[in-house]
Each structure stands twice: as C-alpha cells, then as structure tokens.
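Residue numbers (full-length UniProt numbering): 1 to 355. All C-beta atoms in this analysis are idealised placements derived from N, C-alpha and C, irrespective of residue type, glycine included. Following: one structure in structure tokens, then a few remarks.
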C-alpha cells in the first residue's frame, strides 16, 4: 500500500489569476457544488484524458493516469460551498450599562464558504429578519450579586437565505476619476493610458490616477521645508508677505543648488536673489526739515550783544514699513522690496535684514 502521508493536507489549487482565467470561467466555477463536480466538469490529465474522481493521485503533476488511491476521494479536502450556515452573531447591547441581555450572542444562518478567487466574497442575495427572544435583567444597586428580572424582549436579527460569490470591489468603491469594470471586478482609471508616461522619478497610482512620488509618505522634511511634488524632494517654504491688504501667504521653494528665492504673491512671480538691490527702504519718504531762527540783538547801557542762533536741523526717523507686522520666525528676517515686507531665511540675506 503506498504511503498516503502526502495526502494528509492534499488540496486542489487552481491558479485563477486576473488576465489568465476569463470571467466566464469564474462564473462557471461559482456554480460548482463539490470537489467531485469540479473534477468531472473541469479537470483532465496532462495527456488530455478525462479523469474520474476515483482516479485522483497524490502524484498529480507527473502526467500519470494510474489509480493509486483506493476509496472515493480519500483524504481530499471537502469543498465548502458558498451557502448559508449557522454562524455566531452578537445580540445588540442595551444602552443602559446596568441592563444585561441574555444570551449575549446566538447562532443564525449567515453566508459563508469558498469562492473560486480572492476577487469574490460570499454575499447574501436574499435575507429575512427573524425575532429572537432574550432575557432582560438589571442590576438593582452597585455590588448586588443578582439581577432583577425585567422580562423577555425580542431582538430583530438578520438571517441569510441565499448566497452567491460576488465581486469584492463594487462600483461604489470607485472614485470620480475611475470607471467600474464588473467583468474584471475592479476600478480602472479613466486616464489609464497616461500610466506609461510617468517620469522616471515617479510611479503610477491606480488610486489617484496620476503619477506620484514613491517617497511621498516616507520623505522627512525638516524645519520650514516642504515636500515638492514636482521633483519629489524637500525644499524651503520661503515667503510670508505683508501689504496694505494684510498678510499674503506666498508659496515658494528654494532648491539646495540654487540660492535664488522664487516667491509667488497673488499670481505675480518674482525672483529675489541674495544680492538683490531691492533690499532698501525704497518708496519710504525721508523727510528732513531745517529751521533758521532770526538774529536777536540785545542792547544795554554798557554793551551791545548780537546773538545769532545756530540753525537747527530735525531729521525724523524713517517710517518702518514692517512696523505692526508679526515678527518673522527664528533665523528669518524682514526683506523689504517694493514697499512690501517679506520674511526670508537669514541664509539668503547674509549680514542684512531686520529682525
């Protein structure tokens, strides 16, 4: 008698990969009710001969049709058809924490079993609601060892009557950028043709239907850096501008290789270099006033004194355009250009700026 140890966990494994097995075959396999039926309808030897269930051999794959196993389907796993079977479900709890419903769970008919592919779930096609009776009781006071009986109440529980393998992915799972293909049980991007046009540093995302940075969720940007979706690298957030209309948030990036600062303010793009001569008090009036006093002649009996006061010059402090604005972050300074104050990292304004 041959050694049947290899049969202890023998299971038919059929490769049902998307793109290799058509959907029509999936649908036929969905109707299979047993392993014997699968063998009779879908299985053949490598030589192309039909196989009886009694012809099964643990030497499967060696191209032999010889019967080496006696007894119908000996040690072959039983196919668990997708159908209703008793399963444990919880009884909904009472909102009052002092109330206990007993039993806390029961068994009702629910869908379960095998599907021919991981693309499918065993789902209910027909359901009914059944009422189950439970005992309702309440703890009369803290520390009590017994509950007060409040009677029998009936709880509605869903019962499954008929089940079928259905696609796990459904149309409701697709986003507005995708179309649903029931034939393949999947969502497909409407612009799927662009997947082959992603630049070398990006990959195609079936969820976002776009070329994305593969390191988007793993990149660590420090300080005031932000992640640049264009080049998949970290760069500086450079501009917060203050003007007559209040603060304007500028969006810009500073590349490590380029010290020019690109600032975008209200759709107007300008580049500020570290040696930009725009750092000045341009547009700020410098009002200097000179006052000449009249000559005073004082005459006494003994002497006559002529006093001519020196002209006085008053130079008021220039108006600070950045006054009243919130201070720049640490290691940043105000940069004045075009009567506008901007906060820029000090590394781009060596020896200049106003804290």
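Distance between beta carbons of residue j and residue i, contact taken as under 8 Å
i           : j           : result
residue 165 : residue 211 : Incorrect: roughly 35 Å between the Cβ atoms, too far for contact.
residue 100 : residue 147 : 6 Å
residue 175 : residue 190 : The pair is not a contact, with the Cβ atoms about 10 Å apart (cut-off 8 Å).
residue 160 : residue 127 : 6 Å
Extent of the continuous beta strand (DSSP E) to which residue i belongs
i           : result
residue 78  : Neither: residue 78 is in no beta strand (DSSP E) and is coded neither H nor E.
residue 156 : 148 to 167
residue 226 : 225 to 228
residue 185 : Per DSSP, residue 185 belongs to no beta strand (DSSP E) and is neither H nor E.
residue 345 : 340 to 345
residue 85  : 83 to 90
residue 101 : 99 to 102
residue 32  : That residue, residue 32, is in no beta strand (DSSP E); it is neither H nor E in DSSP.
residue 113 : Residue 113 -> no beta strand (DSSP E), and no H or E assigned at all.
residue 205 : 203 to 205
Range of the contiguous alpha helix (DSSP H) that encloses residue i
i          : result
residue 35 : 35 to 42
Buried or exposed (CB count within 10 angstroms, at least 16 for buried), residue i
i           : result
residue 335 : buried
residue 332 : buried
residue 345 : buried
residue 109 : buried
residue 220 : exposed
residue 152 : exposed
residue 374 : Within the shown structure, residues of the chain are numbered from 1 to 355, placing residue 374 beyond reach of any answer.
residue 193 : exposed
residue 103 : exposed
residue 39  : buried
residue 136 : buried
residue 222 : exposed
residue 200 : exposed
residue 117 : buried
residue 105 : exposed
Reduced DSSP secondary structure (H/G/I, E/B, other) of residue i
i           : result
residue 118 : coil
residue 257 : For residue 257, the predicted model reports a pLDDT of 40, less than 50, meaning its position is unreliable; a value from the coordinates is still stated below. Here residue 257 sits in coil by DSSP.
residue 51  : coil
residue 333 : strand
residue 177 : coil
residue 190 : coil
residue 233 : strand
residue 196 : helix
residue 219 : coil
residue 323 : coil
Proximity test, Cβ basis, 8 Å: residue i and chain B
i          : result
residue 78 : The chain inventory of the structure shown lacks chain B, comprising one protein chain alone.
heavy atom of the ligand FAD below 7 Å from residue i C-beta
i           : result
residue 344 : The ligand FAD is absent from the structure shown, which contains no ligands of any kind.
Per DSSP, cross-strand counterpart(s) of residue i
i           : result
residue 214 : None; residue 214 has no bridge partner.
residue 124 : 163
residue 45  : In the DSSP output, where bridge partners are listed per residue, residue 45 has none listed.
residue 105 : 90
residue 133 : 154
residue 138 : 99, 148
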